[in-house]
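Novice: Here's a structure for you.
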Amino acid sequence: LIAQTLSAEFLFSEDGGQNIIISDAFIKESLFNRRVEEKAKEMLFTPLGWHHSSLDQLREENGEKMAMERLLSANHSHMMALLQQLLYSESLSLSWRDIIVPVVRQVVQTVRPDVRQCDDDMDIRQLVHIKKIPGGRKFDSMVVNGFMCTKNIAHKKMNSYIKNPKILLLKCSIEYLYREETKFTCIEPIVLQEREFLKNYVQRIVDVRPNLVLVEKTVSRIAQDMLLEHGITLVINVKSQVLDRVSRMTQGDLVMSMDQLLTKPRLGTCHKFYMQPFTLPNNELKTLMFFDGCPPHLGCSIKLRGASEYELARVKDIIMLMVCVAYHSQLEISFLMDEFAMPPSLPQSSSFPCLLEGSATDEEMDGDSTEKTAVSENSTLGEQSVEALFFESSTKNEDLDLHKDIQNPQSALFSVQEEAENTEMRTSSPYSSPVRPPLSICPQFLIEEEQEVGSHTLVGTSEGEMGGKVSLGLEDEERSLTPTPKMFRDPLQDDTGMFVAEHVDSSDDRLKSISAVFKHELKDIILCISPFITFKEPFLLTPGGMHCPSRDYFPEEVYLSPLLNKDLKELDGRRKRQLLKDSAPSSLVNGQTNGTTQPRPTDVLPCHGLTTTCIVGHLSSSQDLARMLADYRAKGGRIRQKETGDPFGSAGPAAAGSSQNRVADIPVKVLGKADSEEEKSGKQGDMNWTQKLDCLNPINHQRLCVLFSSSSLLSNNAPNPCVSPWIVTMEFYGKNDLSLGVFLERYCFRPSYQCPSMFCETPMVHHIRRFVHGSGCVQIVLKELDSPVPGYQHTILNYSWCRICKQVTPVVPLSNDSWSMSFAKYLELRFYGHLYTRRANAEPCGHSIHKDYHQYFSYNQMVASFSYTSVRLLEICLPRPKIFIRNLGPSKANLQQDLKDFSQKVVQVYLAIDDRLTSLKTDTFSKTREEKMEDLFAQKDMEEAELRSWIDKLQVRLQSCGLDSPQQLQAILESMVVKKQGLCEMLQSWNSR
């Protein structure tokens, strides 16, 4: 790597910020005099970027292979830790991990949003449809390369299985609409007209030659029979969203009206169309319509089975988040490789197994496993694709041990505790994983879930053991819900800093304890979907924030989460486990769920008085009868559902099945009395937390708030900004977000883009745009070149320059994956990804590539510079909401000093008046003027004598006052104020003469 001695020109603004002007010499040296680096010629540069490349094809040059290995290992460990954290937070069994991982891997390997060519949504989750089907087994879950929905054909005689169908999508109805409301008409000609009209309509459809028609609205019965005669399958009342998805997956045109059929629209197609019925746990039949065999890159559907509706809904949310995490990881790795970033080295520990070393051994040990893998048993490390390594499961040995421990109850607790230790280490950041003691609730919950939900880990148990486990008594259930006691910790020798006394009196101690708990939870939880990105505690929880003036305006607990409260955390976990039990089927037969859910308790009210009243008169003649009738209409029903409070106050499903319970004679009220206090707190806690935002939930952190502004010194708005600073909330791959390539092409390289301000006519080349977040600022500066880079006129090139040691990375084209990455995630890397350095063959400079480097993007004749600078945060100081006035009354010493000062002021005022009058007195005055001057002297002497006399009397009065007479002192103070006001008025009158 060539070290550059050229530097960019800096201009320091008045507010301390840096306005960067890109030097022409620097651009010429870095762009035109250096060749553009590409991948090896023997390596196919696919549109999907780095992830479809084998590791053995990566070069050792510039640390390319080492960086990819570190990125793959870190992202895999981070995703597995995040998945385990999500499953634990929802009280789900860890066996779902074996279902979620291959499903997510298959989705991100096949589905590819095309934002550049097809204007697809940049969020891959919009192209993935998940259908929950209660019942069945977990391993019945699968990915369908197509679309499925809950729908049925219009007639049972229509063909329900079509291979390579020709699909026509209609947004209009097929019916005869005759409206003549003001006239009487014979019905026979209308019927004949309707049949003839629908015959023409159906003929138009037949001429297009489809064998499957989907209609958004209704279809006349006559038209349905005609379509059946022509052998066309019809589906009616299809939702608009379903038609849009089918149109995308089958590549068929949406026909808005029947007249559009004359233009021969494009028909959609897929490999096969079929219907499949499913039997739900409540013995209801659910029919799904499948469009299977569509192009996989257009989207897919996931069939989710193996649990109740409630549990599948939780799993669905986790799958959708993990699909976004895995898809973004691919894009982020490509971008980091494009910008020559080197992640920090990972410690080789058991908490984060290395994918590149453990994948081959895992394949050999699990050769008899039924799970399908993307790598064959005979493949070596060099032949494995990057995608396979990216999602290769590293916990197979742990799962095998867990299966063995479940079958051996004596050793189950110890093995799960060891797994909990690894789990706790995984939930921290990959580069710092301190060993923590195991949780006391987690192991017991894991064993309970493996035994109760009926996962695949119960296959090896015998029928007798399963029957004993399913029919748990109340004593066993109560014992399983009670957490094991923790070991006693001496507060005098506590090295964690987490000891809090039972009685905390001072507000400062309470704030310190809240801050300590928050830091402890923040250290052990994953909030960001990218590795090597950690968040510090908020300002109000720092020592400076706890004593800032604005802290009084906030409550003590500003940031709320169930994890910050031990009781709420336990109640929340118990509530979720109880909901899983209540929604689970009542019987398990060979892994199949065929039972029904328990109905909610009902209560029958007594009959209303109106039903037994003898009515002999009219309703209008009796007000009591009318009132009774109105009351009956309002609340005359007899069936009322009981309001279920805390689920922990009632017996669980095990107690409900008294016929199978060995201890069914235990009264249910015992558990209800024991949990009566928890029921009240549970109700209040649920009401509070449903209305508030959980600050430690990773889903609530998938957004970035920035303060955006745009300014130019050459603009007519200067010194004011063209775009005043305003807060923009950018949801990752969602609202207010766009891809990095779209931002560069639309707002940096587009010649027609102008300043949004209507008063500014300055080109965007002379503008500086800033994104401020936290204590950092990312600013964008543009520079126009004389000519584009030869051979890369329509390619975005990128490279970086260190402002400390003046080193420059090679110039490389921006890959398609980097082009598709979220711009909000790019800003997050600039604000938080300061652990990444630059990779190189020679000794790297060691400076942060996101903090100390300026990144340049070039397209045609335009260069955009992105740089990170620190900003100085100012504290907001507001007046106190309550102003306390300490009215101690006037003191005698202060009044004496005030009277002395007033006497001196009187002397000064009248000396100045005397000097002025003396200067005006001359011999040339007339007798009248002289008499007037004498009158002024006399008036001055009289006013001065009166004031001196009043001062002497007030001084005597003040001397006679004691310290215990505040009323007399107040009267003296008021008289002094009046005299001071009089002196000012006299002075004003003398000045006006």
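In UniProt numbering, the protein residues as written are 1 to 993.
All C-beta atoms in this analysis are idealised placements derived from N, C-alpha and C, irrespective of residue type, glycine included.
Here the structure is a predicted model, which means the values were calculated and not measured.
1. Is the distance from the Cβ of L267 to the Cβ of L168 below 9 Å?
2. For the candidate residues K239, S240, N164, Y176, whose alpha-carbon lies nearest to that of P295?
3. Where does F535 land, buried or exposed, given buried means 16+ other C-beta within 10 angstroms?
4. Could you check the C-alpha separation between D292 and L262 for me, to the nearest Å?
5. Kindly list the residues whose CB is nearer than 7 Å to the CB of V772, restricted to its own chain and excluding five residues on each side of it in sequence; keep chain order.
6. Assess, as a yes-or-no matter, whether the segment 118-132 is touched by the segment 208-224 under the definition of 3 or more beta carbon pairs within less than 8 Å.
7. Express the C-alpha separation of R248 and Y853 in angstroms, rounding to a whole number.
8. Threshold first: 3 residues or longer. Then list the beta strand (DSSP E) segments lying entirely within the segment 250-293, N to C.
9. Which word fits Q224, buried or exposed, when buried means at least 16 other C-beta atoms lie within 10 angstroms of its C-beta?
10. Along the chain, which unbroken stretches of the alpha helix (DSSP H) at least 4 residues long are found entirely within the segment 183-225?
11. Which term fits Y733, buried or exposed, when burial requires 16 or more other beta carbons within 10 angstroms of its beta carbon?
12. Which residues in the same chain as D509 place their Cβ atom closer than 7 Å to its Cβ, once the five residues preceding and following it in sequence are excluded?
13. To the nearest angstrom, how far is it from the Cα of N816 to the Cα of V728?
14. Taking C-beta to C-beta, are L192 and I222 nearer than 9 Å?
15. What's the gap between the Cα of K157 and the Cα of S91?
16. By DSSP, does N700 sit in helix, in strand, or in coil?
17. Quick one: using the 10 Å Cβ neighbour count with 16 as the cut-off for buried, is K264 buried or exposed?
18. Looking only at its chain, what residues have a beta carbon closer than 8 Å to the beta carbon of P606, apart from the 5 residues adjacent to it on each side?
19. What are the uninterrupted segments assigned as alpha helix (DSSP H) that are 4 or more residues long and contained completely in the segment 787-847, given in chain order?
20. With distance defined between alpha-carbon atoms, name the residue in P113, G136, D253 nearest to Q126.
21. Apart from the five residues on each side of it in sequence, which residues of its chain come closer than 8 Å, Cβ to Cβ, to L629?
22. Taking the beta carbon of P756 as the centre, do at least 16 other beta carbons fall within 10 Å, making it buried, or is it exposed?
23. Among V206, G791, S820, I529, which residue has its Cα nearest to the Cα of L82?
24. Looking only at its chain, what residues have a beta carbon closer than 7 Å to the beta carbon of L969, apart from the 5 residues adjacent to it on each side?
25. Output the boundary residues of the alpha helix (DSSP H) element that contains Y747.
26. Could you give the residue range of the beta strand (DSSP E) that holds T869?
27. In whole angstroms, what is the alpha-carbon distance linking L227 and K151?
28. Taking the alpha helix (DSSP H) that Y327 falls in, what are its first and last residues?
29. Find out if the Cβ-Cβ distance for the pair H766, S712 is shorter than 9 Å.
30. Have a look at the DSSP bridge pairing and note the partners of R770.
31. Just to confirm my understanding: we take A824, look at its own chain, exclude 5 residues before and 5 after, and list those with CB closer than 6 Å. What are they?
32. Give me the DSSP bridge partner(s) of K131.
33. Considering Cα atoms alone, identify which of S710, Y859, Q330, W96 is closest to G306.
34. Which residues bound the alpha helix (DSSP H) around E61?
35. Suppose you measure from the CA of Q702 to the CA of Q109; what does that come to, to the nearest Å?
36. Please list the terminal residues of the continuous alpha helix (DSSP H) segment that includes S989.
Specialist: Per the coordinate set shown:
1. Reading the sequence shown from its first residue, position 267 is the one you call residue 267. Reading the sequence shown from its first residue, position 168 is the one you call residue 168. For L267 and L168, yes; Cβs fall inside 9 Å.
2. Numbered from 1 along the sequence shown, position 295 holds the residue referred to as residue 295. The shortest C-alpha separation from P295 is found at N164.
3. The residue given as residue 535 occupies position 535 in the sequence shown. Exposed: under 16 other Cβ atoms inside 10 Å.
4. Working through the sequence shown from its first residue, we reach residue 292 at position 292. Working through the sequence shown from its first residue, we reach residue 262 at position 262. Approximately 29 Å between the Cα atoms of the pair.
5. Sequence index remark: in the sequence shown, residue 772 carries index 772 (1-based). So the qualifying residues of the chain are V706, L707, V871.
6. no
7. Translated into the one-based positions of the sequence shown, residue 853 becomes position 853. Translated into the one-based positions of the sequence shown, residue 248 becomes position 248. Those two C-alpha atoms are separated by around 42 Å.
8. 272-279, 285-292
9. On the sequence shown, residue 224 is found 224 positions in, with the first residue counted as 1. The residue in question, Q224, is buried, as its Cβ has 16 or more Cβ neighbours within 10 Å.
10. 187-208
11. Locating residue 733 in the sequence shown gives position 733, counting from the first residue. Result: buried.
12. Here residue 509 corresponds to residue number 509 of the sequence shown, with the count starting at 1. Excluding sequence neighbours, D509 sits near nothing in its chain.
13. Translated into the one-based positions of the sequence shown, residue 816 becomes position 816. Translated into the one-based positions of the sequence shown, residue 728 becomes position 728. In a straight line, the C-alpha of N816 is about 26 Å away from that of V728.
14. Locating residue 192 in the sequence shown gives position 192, counting from the first residue. Locating residue 222 in the sequence shown gives position 222, counting from the first residue. Not in contact: L192 and I222 (Cβ atoms no closer than 9 Å).
15. Your numbering for residue 157 matches position 157 in the sequence shown. Your numbering for residue 91 matches position 91 in the sequence shown. Taking the straight line joining both Cα atoms gives about 46 Å.
16. Here residue 700 is taken as the residue at index 700 of the sequence shown, counted from 1. Residue state, collapsed to three classes: helix.
17. Taking the sequence shown and counting its residues from 1, one reaches residue 264 at position 264. When all chains shown are included, K264 counts as exposed.
18. Along the sequence shown, one-based indexing puts residue 606 at 606. Only R638 meet the Cβ criterion.
19. 816-820, 823-832
20. Residue mapping note: residue 126 aligns to position 126 of the sequence shown, counting from 1. Ranking the options by Cα distance to Q126, first place goes to P113.
21. Stepping through the sequence shown from its first residue, residue 629 is reached at position 629. Excluding residues within five positions, the ones whose Cβ falls inside 8 Å are L610, L619.
22. Numbered from 1 along the sequence shown, position 756 holds the residue referred to as residue 756. Its Cβ having fewer than 16 others within 10 Å, P756 is exposed.
23. Along the sequence shown, one-based indexing puts residue 82 at 82. Ranking the options by Cα distance to L82, first place goes to I529.
24. Against the sequence shown, residue 969 aligns to sequence position 969. Counting only Cβ-Cβ distances below 7 Å, and skipping sequence neighbours, we find G889, P890, K892, L895, C961.
25. Residue numbering aside, residue 747 sits at position 747 when the sequence shown is read from its first letter. Where Y747 is concerned, the enclosing alpha helix (DSSP H) stretches over 740-747.
26. Position 869 of the sequence shown, counted from the start, is the residue given in the question as residue 869. T869 -> beta strand (DSSP E) spans 862-870.
27. Taking the sequence shown and counting its residues from 1, the one referred to as residue 227 is at position 227. Taking the sequence shown and counting its residues from 1, the one referred to as residue 151 is at position 151. For L227 and K151, the distance between alpha carbons rounds to 18 Å.
28. Position 327 of the sequence shown, counted from the first residue, corresponds to residue 327. Segment 309-338, the alpha helix (DSSP H) holding Y327.
29. Against the sequence shown, residue 766 aligns to sequence position 766. Against the sequence shown, residue 712 aligns to sequence position 712. Against a cut-off of 9 Å, the Cβ pair of S712 and H766 comes out as a contact.
30. Here the question's residue 770 lines up with position 770 in the sequence shown. BP columns for R770 point to S709, Q779.
31. Taking the first residue of the sequence shown as 1, we reach residue 824 at position 824. Answer for A824: L704, M730, F732, D737, listed in chain order.
32. As a working mapping, residue 131 is identified with position 131 in the sequence shown. Answer is K303.
33. Along the sequence shown, one-based indexing puts residue 306 at 306. Comparing Cα positions, the closest option is W96.
34. Here residue 61 refers to the residue found at position 61 of the sequence shown. Run containing E61: none; DSSP gives neither H nor E here.
35. Numbered from its first residue, the sequence shown carries residue 702 at position 702. Numbered from its first residue, the sequence shown carries residue 109 at position 109. The straight-line gap from Cα to Cα measures roughly 23 Å.
36. Taking the first residue of the sequence shown as position 1, residue 989 is located at position 989. Looking at the DSSP string, the run of the alpha helix (DSSP H) that includes S989 is 966-991.
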